[in-house]
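A.B. asks:
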Amino acid sequence: MNKKLLIISPYFPPVNAADMQRVRMSLPYFAGWGWDAEVVVINPKFADLAKDELLMQSVPPYIKVHQVNAMRKKLTSKVGLGSIAIRSLWHYRSQVNRILHDRHFDLIYFSTTQFPVCILGAYWKKRFRIPYVIDIQDPWHSDYYINKPKSDRPPKYLFAYHLNKFLEPIAVKNAAGLISVSAGYIDELKFRYKEIQHVPAATITFGAFEPDMKIARDNQQLFTGLLDGQFKNVVYIGRGGKDMHRAVSPVFSAFQKGLKKNKEEFQRIRFHFIGTSYAPAGRGIKTILPLARQFGIEDYVSEITDRISYYHTLLTLQQADALFIPGSDDPLYTASKIFPYLMTKKNILAIFNPASSAIPILQEYGVEHVYNYDDISLSNLSVFFRQLIQGDFQAVTFNSEAIKKFSAQEMARAQCQLFNTVIYERS
């Protein structure tokens with residue numbers, strides 16, 4: 002008989018949020034690995050992120066989804082509390098109390114970057130004696146921005162910094178297991194809290210979920226094209242930020258030199274950076290185009306801060322001539338977004354911090370142009386641009402073993418192995 006898993010995922014389809022992707026892609030496979038899952042989510046009407054109804058096509062109809070409410074943002078924002086995690090905390094507590102009172106669950110699984118919700122794990126563990134696992138997709142309490150100029154910090158950074166410093170230990174010290182996209186995140190938490198030195202932990206990336214490609218193809222008529230076919234289009238879709246400048250700058254520099262040396266060929270290239278801000282539509286601040294201006298190539302670079310839907314993203318990546326994935330200068334940052342790029346089987350240029358876990362994954366797939374920004378050279382980029390201009394990229398054939406290894410099904414299996422370990426060690 003399968004064990005019972007209660008998943009806490011505040012964002013969930015149709016909300017188009019990056020941090021719900023692990024749950025969404027794993028749900029079709031959990032039962033096959035011995036775990037029957039139910040999900041507790043926030044009613045989409047309380048989320049101010051974009052909605053993508055097509056995401057619902059990937060959620061198995063047999064999955065039971067519980068919805069909780071949240072306080073209205075227009076009310077809580079008056080006192081500086083716009084976070085959906087804070088706004089939903091009381092509602093989560095009440096709803097899940099009722100669920101756990103009525104039925105038995107073997108494990109609670111928090112998979113979200115809305116981290117304040119995770120403090121409820123300690124409460125439910127004490128009240129209902131149910132262990133919980135936290136999925137660390139991003140750092141929760143982090144010193145990354147503490148010495149950065151105010152202009153480079155996220156909004157309300159100091160408030161969030163002190164709140165996270167207070168809340169993180171409440172949740173993490175009582176966790177029975179940890180999952181993370183980065184081994185560095187787990188190492189940092191185990192260094193910080195001696196109470197979790199020996200709890201089971203696993204580094205599990207997001208996976209490649211092939212059914213998404215079919216959903217995108219079957220609905221391509223719904224989307225407006227963003228690329229001009231008369232150019233050679235290099236596309237990146239994902240968040241921007243000054244922390245990516247070290248990865249983007251070598252590419253812009255090489256393009257600038259190429260433009261001066263051979264303008265006729267290089268002026269056919271266009272760079273597209275799409276969905277670079279998490280801000281509401283129309284309110285994002287461009288962080289890549291100003292860098293292009295510094296290199297004098299702004300006429301060849303477009304930046305759209307507004308996010309596009311997930312399936313619009315997949316179609317746009319497929320329509321590109323080549324894809325660019327820049328990484329953060331944060332050594333702990335890992336780009337789980339690489340898998341949609343890999344599923345398109347397009348030629349990729351990827352530049353990351355030398356410590357990023359994305360580099361060995363891309364190399365394992367067999368991506369030709371994978372570099373860290375400490376060893377990227379003009380000659381490397383010249384080869385990439387020559388292949389782009391002449392259209393002589395080698396046909397993309399990725400390593401079949403890597404494709405299987407990093408599939409969503411295998412990533413679900415790895416999660417379930419961790420769940421089993423947690424239950425076994427507590428029995």
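This note's numbering applies: residue 2 is where the sequence shown begins, and numbers increase by one.
We put the CB at the ideal spot given by N, CA and C, even for glycine.
1) With a threshold of 6 Å, establish whether the CB of H370 neighbours any heavy atom of the ligand MN.
2) Cβ atoms of Y110 and I8: under 7 Å apart, would you say?
3) Pull up the DSSP beta-bridge partners for A203, would you.
4) Should N263 be labelled buried (16 or more other beta-carbon atoms within 10 Å of its own) or exposed?
5) Quick one: Cα of G283 to Cα of R294, how far?
6) Mind listing, in chain order, the continuous alpha helix (DSSP H) runs of no fewer than 4 residues lying wholly within the stretch 209 to 261?
7) Return yes when the Cβ of F129 is within less than 7 Å of the Cβ of L108, no when it is not.
8) Please work out which residues of its chain come closer than 6 Å, Cβ to Cβ, to M21, disregarding the five sequence neighbours upstream and downstream, and give them in chain order.
9) Name the residue from L121, F386, P132 and P291 whose alpha carbon lies nearest to the alpha carbon of H105.
10) So what does DSSP say about V60, is it helix, strand or coil?
11) Confirm, please, whether the CB-CB distance from F224 to L316 is below 7 Å.
12) Give the straight-line distance between the Cα atoms of T206 and S310, rounded to the nearest whole angstrom.
13) Which residues mark the beginning and the end of the beta strand (DSSP E) in which E39 is found?
14) Express the C-alpha separation of K406 and T114 in angstroms, rounding to a whole number.
15) Pull up the distance between the alpha-carbon of A71 and that of F256, whole angstroms please.
16) What's the C-alpha gap between A134 and Q388?
17) Quick one: is A172 buried, meaning 16 or more other Cβ sit within 10 Å of its Cβ, or exposed?
18) Between the Cα of M412 and the Cα atoms of V16, R23 and N3, which residue gives the shortest distance?
19) Counting C-beta neighbours from all protein chains within 10 Å, is the total for Y186 16 or more, i.e. buried, or is it exposed?
20) Quick one: grab the DSSP three-state call for Y279.
21) In the DSSP output, which residue or residues are listed as bridge partners for A286?
22) Just the C-alpha distance for N354 and I339, rounded to the nearest angstrom, thanks.
23) In whole angstroms, give me the CA-to-CA distance for L56 and N17.
24) I think L179 touches L168, with their Cβ atoms under 8 Å apart; what is that distance to the nearest whole Å?
25) My assumption, with CB atoms under 8 Å, is that E443 sits in contact with K65. Please give the rounded CB distance.
26) What's the call for A321, buried or exposed, on a 16-neighbour Cβ count within 10 Å?
27) In angstroms with no decimal places, state the Cα-to-Cα distance between K166 and G367.
28) F31 to A351, Cα distance in whole Å?
29) Are the Cβ atoms of I377 and P251 separated by less than 7 Å?
30) Between the Cα of L50 and those of G276, Y342 and N175, spot the shortest distance and give me the residue it belongs to.
31) Below 8 Å CB to CB, which residues in the same chain sit around Y146 once its five sequence neighbours on both sides are set aside?
32) One question on the structure: do Y237 and F325 come within less than 7 Å of each other, judged by their Cβ atoms?
33) Once the 5 residues before and after Q222 are set aside, which same chain residues still bring their CB inside 8 Å of it?
34) Run through DSSP, which three-state label would I326 get?
35) Hey, quick one: how far does the beta strand (DSSP E) through L101 stretch, first residue to last?
36) Are the beta-carbon atoms belonging to F267 and G259 less than 7 Å from one another?
C.D. replies: Let's see:
1) Ligands are entirely absent from the displayed structure, and the ligand MN is therefore not among its contents.
2) Yes. Within cutoff.
3) In DSSP, A203 forms a bridge with I180.
4) N263 counts as exposed, since fewer than 16 other beta carbons sit within 10 angstroms of its beta carbon.
5) Those two C-alpha atoms are separated by around 21 Å.
6) Counting only runs of 4 or more, we get 212 to 219.
7) Taking 7 Å as the Cβ cut-off, L108 and F129 do not qualify as a contacting pair.
8) Result list for M21: S10, Y12 and F13, in chain order.
9) Out of L121, F386, P132 and P291, P132 has the C-alpha closest to the C-alpha of H105.
10) In the three-state reduction of the DSSP assignment, V60 falls in the coil class.
11) Against a cut-off of 7 Å, the Cβ pair of F224 and L316 comes out as a contact.
12) Roughly 22 Å separates the two Cα atoms.
13) Membership of E39 in the beta strand (DSSP E) is indicated by the continuous run W36 to I43.
14) In this structure, the CA atom of T114 is about 25 Å from the CA atom of K406.
15) Their Cα atoms are separated by approximately 48 Å.
16) Note on identity: in this sequence residue 134 is Val, with Ala being the wrong assignment. Looking at the two C-alpha atoms, the distance is approximately 46 Å.
17) A172 comes out buried.
18) Per the Cα distances, R23.
19) So Y186 ends up on the buried side.
20) Three-state DSSP puts Y279 in coil, outside helix and strand.
21) A small fix is needed here, since residue 286 is Ile in this sequence, not Ala. Residue pairing from DSSP leaves I286 without any beta-bridge partner.
22) Their Cα atoms are separated by approximately 14 Å.
23) So the alpha carbons of these two residues sit roughly 8 Å apart.
24) No, L179 and L168 are not in contact; Cβ-Cβ is about 16 Å, not under 8 Å.
25) An answer regarding residue 443 cannot be provided, because it is not within the stretch 2 to 428 covered by the chain.
26) Looking at its Cβ environment, which holds 16 or more other Cβ atoms inside 10 Å, A321 is buried.
27) Cα-Cα distance, rounded: 40 Å.
28) Straight-line Cα distance between these residues: approximately 32 Å.
29) Yes, the Cβ-Cβ distance between I377 and P251 is below 7 Å.
30) For L50, the closest C-alpha among the options G276, Y342 and N175 is that of G276.
31) So the qualifying residues of the chain are D153, R154, P155, Y158 and Y162.
32) Yes, Cβ-Cβ distance for Y237 and F325 is below 7 Å.
33) Hits under 8 Å: none found.
34) I326: strand per DSSP, three-state reduction.
35) It is not in any beta strand (DSSP E) - L101 instead sits in the alpha helix (DSSP H) that spans I85 to D103.
36) It is a contact, given that the beta carbons lie within the stated cut-off.
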